[in-house]
Structures are given as C-alpha cells and as structure tokens.
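Visitor: Here it is, the structure, as structure tokens.
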Amino acid sequence: MSGTLGANAGPAQTPTGAATKAPARSPEPGVEAKPATIYDVARVAGVSHQTVSRFLKGYAGIRPETRERVAQALDAVDYRPNLTARSLTTGRSHRIGALTHEIDQVGPSKIAQGASAAAREAGYLLDIITLDMSNRSAIANAVSLVQQHDLAGVLALASTDEMTRAFEKTRFRVPAFIAVEADDVVGEHRSELSSVGFPALVDHLAGLGHRSFLHIAGPTTWSAARNRVRAYEEAIEVRGLNSVGIVHGDWSARSGYDAVKSLSGEVRATAVVAANDQMALGAMLALSQLGLQVPRDVSVTGVDDIPEAEFFAPPLTTLRVDFLAQGRAAVAELLARVNGETAPSFPVLASELVVRASTGPAPV
Numbered sequence: 052m053s054g055t056l057g058a059n060a061g062p063a064q065t066p067t068g069a070a071t072k073a074p075a076r077s078p079e080p081g082v083e084a085k086p087a088t089i090y091d092v093a094r095v096a097g098v099s100h101q102t103v104s105r106f107l108k109g110y111a112g113i114r115p116e117t118r119e120r121v122a123q124a125l126d127a128v129d130y131r132p133n134l135t136a137r138s139l140t141t142g143r144s145h146r147i148g149a150l151t152h153e154i155d156q157v158g159p160s161k162i163a164q165g166a167s168a169a170a171r172e173a174g175y176l177l178d179i180i181t182l183d184m185s186n187r188s189a190i191a192n193a194v195s196l197v198q199q200h201d202l203a204g205v206l207a208l209a210s211t212d213e214m215t216r217a218f219e220k221t222r223f224r225v226p227a228f229i230a231v232e233a234d235d236v237v238g239e240h241r242s243e244l245s246s247v248g249f250p251a252l253v254d255h256l257a258g259l260g261h262r263s264f265l266h267i268a269g270p271t272t273w274s275a276a277r278n279r280v281r282a283y284e285e286a287i288e289v290r291g292l293n294s295v296g297i298v299h300g301d302w303s304a305r306s307g308y309d310a311v312k313s314l315s316g317e318v319r320a321t322a323v324v325a326a327n328d329q330m331a332l333g334a335m336l337a338l339s340q341l342g343l344q345v346p347r348d349v350s351v352t353g354v355d356d357i358p359e360a361e362f363f364a365p366p367l368t369t370l371r372v373d374f375l376a377q378g379r380a381a382v383a384e385l386l387a388r389v390n391g392e393t394a395p396s397f398p399v400l401a402s403e404l405v406v407r408a409s410t411g412p413a414p415v
C-alpha cells in the first residue's frame with residue numbers, strides 16, 4: 052500500500068471553446084505576482100463572485116453551462132484556492148481521502164484522474180491512497196489511516212467485496228462513499244454493459260460466424276467482474292451460442308496469459324472475450340505461442356479501450372469505457388453528502404464498440 056499526500060492525478064480536460072489561458076501578470080522586478088482571486092474568476096467566466104464561491108464549495112444547483120464556464124475560468128486565471136485559510140474560516144476541511152486499487156492499471160488510474168479533476172474544480176484536494184483492494188490487511192490499514200486525518204470525506208474508487216465490507220463496518224467521522232458497481236441482477240437495475248455493451252460485442256463476433264466462445268473473467272470478489280460474466284453469459288445464451296467455459300484472472304496481462312495456458316493447448320473456442328484489455332493482451336501472446344494466429348484462428352476482444360489497445364499486435368477490438376466520468380461522478384456523490392444535498396444526476400455511462408484487427412471471420 053502506498054499513500055500520496057494531496058495527489059492531484061490530473062487536470063480536467065479543456066473542451067473546445069474553453070477560456071484561453073490568461074496571460075501571466077508580469078510584476079515589477081522583485082515584486083511577487085498576486086494570486087488570482089474569485090473576483091478574477093468571476094470576471095473571466097461572466098458570473099458573480101457568489102456563483103464562483105458556490106462552485107468552489109461544491110454546491111449543487113448551478114446550471115451545467117455555468118459550471119463549465121467557471122471551471123474553464125479557474126484554469127484560465129490559474130486560480131489556486133488557499134485551502135488552509137478556507138478551512139480556518141469555515142471550520143471545514145477541504146481534503147478528501149480517496150482509496151483506490153493500484154493505479155498502474157489504466158482503469159483505476161483514469162478513475163483517479165477524473166476524481167482528482169472534479170475535486171480540484173470544487174476547491175478540494177484529493178489525497179490518494181493506493182492499495183491492493185483484495186487484501187484485507189491493506190484495506191484495514193488504509194481505513195485506519197484516513198480516520199487519523201482531518202478530512203471532509205472519504206471515498207473508495209473501487210468495489211471489491213472486501214472493501215465494501217470494510218466500509219459497512221467502519222464508523223467514519225465524516226461522510227463516506229464507496230463507488231460500488233452493484234451486482235447486476237437481470238430484470239432489475241441492469242448495467243449498460245449488460246444491456247448494450249456485451250450484446251454489441253457478441254453480435255459483432257456472431258456476425259463474423261463465431262459460435263463458440265471463451266470468457267476470461269476478472270476476480271470473483273470484484274462486482275465489476277461478476278457483472279461482466281453475467282453480461283457475457285446472457286449475450287451468449289439469448290443468441291443460442293456456445294460458451295466453452297469461463298477462466299478467472301486478476302485483471303493483469305499475466306493472468307490472461309495463464310488463463311489460455313491453463314487450457315493445456317486445447318482452445319475449443321473460436322472467439323476469446325476477455326473482461327479487460329490487459330488480459331486480452333496476455334491471451335494473445337499465449338495463443339501465439341500455441342501456434343494460433345489472431346484473428347485467423349481465434350478472434351480476441353477486450354473491454355476498456357486502454358491507450359495501448361490500438362497498438363497491440365494485432366490492434367484490439369474492445370468496448371470503450373469512460374473511466375474519467377466514473378471518477379467525476381464518485382466525487383459529486385461524496386460532495387453532495389458532505390454538503391447535505393442531493394447528488395447531481397449523471398447520464399448512464401455508455402460503452403462503445405471499437406472494432407480493430409483482432410477480430411475476423413470464424414475459421415471454417
């Protein structure tokens with residue numbers, strides 16, 4: 052487990068038409084430039100300073116277009132809130148403790164970036180603690196650590212069973228929120244991957260003539276992995292296709308490689324559907340070592356669309372997931388609890404099928 056004090060994982064992306072960076076004020080030699088104030092932000096955004104103040108405090112009720120202009124203006128004038136002074140004035144901390152899975156993986160890293168940007172825009176500092184979300188001892192130590200600090204709230208950016216249990220039994224002194232991906236129950240609150248993403252992926256493969264499939268799943272203690280298994284199984288079943296099995300990995304490329312190797316050289320599927328891109332990468336290497344060419348002999352797909360996916364050999368067909376938006380939504384939910392407000396509603400995060408060269412016609 053590692054902790055990063057005040058880690059701002061990345062700035063918000065500046066959309067087209069954003070306010071341009073205000074030219075730095077050039078003080079006289081030996082005179083330090085004065086930092087930007089909320090009045091400077093208000094002037095650039097074309098709003099009142101009270102609106103800027105409400106934005107920085109994380110209050111809901113600000114129109115989306117106004118919120119966007121204020122966020123752009125904050126960046127344009129290089130506004131840096133004095134969190135210590137504000138805490139002394141309001142009696143409230145402006146630091147959020149965020150627990151996340153090891154961010155060497157793209158999904159957790161992007162979620163942390165989105166959360167960090169949203170926190171910064173609202174005038175909060177995100178203190179990130181990275182750990183193995185399946186390690187009970189690491190989780191207990193991390194929860195104990197955040198309890199020792201003056202925080203506005205505590206946020207968990209991943210949803211393993213162990214993390215969920217730890218949050219349920221801990222009596223936090225401040226609002227806490229775990230970004231849980233609830234188990235997808237068919238007929239109730241079905242995830243977008245179940246209703247749109249995996250059906251589109253399986254339809255693509257079935258359209259290429261594939262009838263036998265293998266799923267490389269994530270860890271069973273992750274609700275996200277269980278949901279992807281359900282999405283895969285339902286998409287296969289309703290189309291009358293055949294699943295030759297499910298092999299579980301741990302999200303890493305190594306585990307995808309080991310999953311294929313565990314088949315003892317007998318790959319009975321013509322399509323391998325991995326639950327994330329890293330496992331798909333490992334699977335493709337193992338298939339190559341078994342003398343099977345992708346996609347001539349076996350098609351391979353992933354989920355996430357990590358930046359490297361288009362540079363795999365061959366480039367990977369995958370489902371694109373918006374992790375940045377997930378991180379932003381988690382912070383918005385927590386800040387709503389901090390401020391005693393209703394969390395703003397967010398659109399369902401749609402996945403997008405990205406077709407590349409790792410899928411092709413089923414072998415005859």
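Take the working numbering: the final residue in the sequence shown is number 415, and no numbers are missing along the way.
Using N, Cα and C, we set each Cβ at its ideal position, and we do this for glycine too.
#1: I'd like to know if the segment 264-283 and the segment 193-203 are in contact, where contact means that at least 3 CB-CB pairs between them fall below 8 Å.
#2: To the nearest angstrom, how far is it from the Cα of S409 to the Cα of T368?
#3: For G238, which residues from the same chain have a beta carbon less than 8 Å from its beta carbon, with the 5 sequence-adjacent residues on both sides left out?
#4: State yes or no: is the C-beta of L375 within less than 9 Å of the C-beta of G353?
#5: Considering only the alpha carbon of each residue, which of R277, V318 and R379 lies closest to S443?
#6: Taking the straight line between their C-alpha atoms, what separation do you get for A286 and R224?
#7: Specify the secondary structure class of A320 as computed by DSSP and reduced to three states.
#8: Within 10 angstroms of its Cβ, does Q377 collect 16 or more other Cβ (buried), or is it exposed?
#9: Does DSSP put V38 in a helix, a strand or coil?
#10: My output table needs one value for G291: the three-state DSSP class, helix, strand or coil.
#11: Which residues does DSSP list as the beta-bridge partners of T410?
#12: Assuming R8 and V98 are in contact, meaning their beta carbons sit under 8 Å apart, how far apart are those beta carbons, in whole angstroms?
#13: How is G81 classed by DSSP in three states: helix, strand or coil?
#14: By the three-class DSSP mapping on this structure, what secondary structure does T215 have?
#15: Which residues share a DSSP beta bridge with H266?
#16: From P358 to A149, what does the alpha carbon distance come to, in whole angstroms?
#17: Can you tell me which of the three DSSP states I190 falls into?
#18: Mind checking which residues open and close the alpha helix (DSSP H) that includes H200?
#19: Ignore the nearest five residues each way along the sequence and tell me which others in L139's own chain have a CB closer than 6 Å to its CB.
#20: Please identify the residue among A268, R277 and Q340 whose C-alpha is closest to the C-alpha of D328.
#21: Any chance the segment 209-216 sits against the segment 270-279, with 3 or more Cβ pairs inside 8 Å?
#22: Between which two residues does the alpha helix (DSSP H) holding H167 run?
#23: Taking the C-alpha atoms as reference points, what is the distance between I297 and E384?
#24: In angstroms, rounded to a whole number, what distance separates the CA positions of I179 and T88?
#25: Grab me the residues of R407's own chain with a C-beta within less than 6 Å of its C-beta, minus the 5 sequence neighbours each way, in chain order.
#26: My assumption, with CB atoms under 8 Å, is that T181 sits in contact with E153. Please give the rounded CB distance.
Guide: In this structure, then:
#1: With a cut-off of 8 Å, the segment 193-203 and the segment 264-283 do not count as touching, because too few Cβ pairs lie within range.
#2: Residue numbering aside, residue 409 sits at position 358 when the sequence shown is read from its first letter. Residue numbering aside, residue 368 sits at position 317 when the sequence shown is read from its first letter. Rounded to whole angstroms, S409 to T368 spans 6 Å at the Cα level.
#3: Here residue 238 corresponds to residue number 187 of the sequence shown, with the count starting at 1. Only weak support exists for where G238 lies, its pLDDT of 41 falling under 50; the coordinates are left without a value.
#4: Mapped onto the sequence shown, residue 375 falls at position 324. Mapped onto the sequence shown, residue 353 falls at position 302. Contact flag unset, no.
#5: Not covered by the structure: residue 443. The range shown for the chain is 52 to 415.
#6: Translated into the one-based positions of the sequence shown, residue 286 becomes position 235. Translated into the one-based positions of the sequence shown, residue 224 becomes position 173. Approximately 44 Å between the Cα atoms of the pair.
#7: For this step, residue 320 is matched to residue 269 along the sequence shown. For A320, the three-state secondary structure derived from DSSP is coil.
#8: Within the sequence shown, the letter at position 326 stands for residue 377. The residue in question, Q377, is buried, as its Cβ has 16 or more Cβ neighbours within 10 Å.
#9: Outside the displayed range of the chain (52 to 415) lies residue 38, so it cannot be described from this structure.
#10: What you label residue 291 is simply residue 240 of the sequence shown in a count that begins at 1. In this structure, DSSP gives G291 a state outside helix and strand, which the three-state scheme calls coil.
#11: Taking the first residue of the sequence shown as position 1, residue 410 is located at position 359. According to DSSP, which records beta bridges pairwise, T410 is partnered with nothing at all.
#12: Absent from the model: residue 8. The displayed extent of the chain is 52 to 415, so no value can be given.
#13: On the sequence shown, residue 81 is found 30 positions in, with the first residue counted as 1. Residue confidence is low: G81 scores 49 on pLDDT, short of 50, so the model does not pin down where it sits. No coordinate-derived value is stated.
#14: Translated into the one-based positions of the sequence shown, residue 215 becomes position 164. Residue state, collapsed to three classes: helix.
#15: For this step, residue 266 is matched to residue 215 along the sequence shown. Answer is I297 and V324, bridged to H266.
#16: Start at 1 with the first residue of the sequence shown, and residue 358 comes out as number 307. Start at 1 with the first residue of the sequence shown, and residue 149 comes out as number 98. Rounded to the nearest angstrom, the two C-alpha atoms are 24 Å apart.
#17: The count along the sequence shown starts at 1 and reaches residue 190 at position 139. It is helical.
#18: Residue 200 sits at position 149 when you count from the first residue of the sequence shown. Here H200 belongs to no alpha helix (DSSP H), and DSSP marks it neither H nor E.
#19: As a position in the sequence shown, residue 139 is number 88, starting the count at 1. At L139 the pLDDT is 43, less than 50, meaning the model places this residue with poor confidence and gives no usable figure here.
#20: What you label residue 328 is simply residue 277 of the sequence shown in a count that begins at 1. Answer by Cα proximity: A268.
#21: Put simply, the segment 209-216 touches the segment 270-279. At least three CB pairs are less than 8 Å apart.
#22: Looking up residue 167 in the sequence shown gives position 116. The question names His, but residue 167 in the sequence shown is Ser. Following the DSSP letters along the chain, one finds S167 inside the alpha helix (DSSP H) bounded by residues V157 to E172.
#23: On the sequence shown, residue 297 is found 246 positions in, with the first residue counted as 1. On the sequence shown, residue 384 is found 333 positions in, with the first residue counted as 1. Computed Cα separation, rounded: 34 Å.
#24: As a position in the sequence shown, residue 179 is number 128, starting the count at 1. As a position in the sequence shown, residue 88 is number 37, starting the count at 1. Looking at the two C-alpha atoms, the distance is approximately 27 Å.
#25: Looking up residue 407 in the sequence shown gives position 356. The beta carbon of R407 sits closer than 6 Å to the beta carbons of P366, L367 and T368 from its chain, once the five residues preceding and following it are set aside; these are given in chain order.
#26: As a first step, residue 181 is located in the sequence shown; it is residue number 130 there, counting from the start. As a first step, residue 153 is located in the sequence shown; it is residue number 102 there, counting from the start. About 5 Å separates the two Cβ atoms, so the contact holds.
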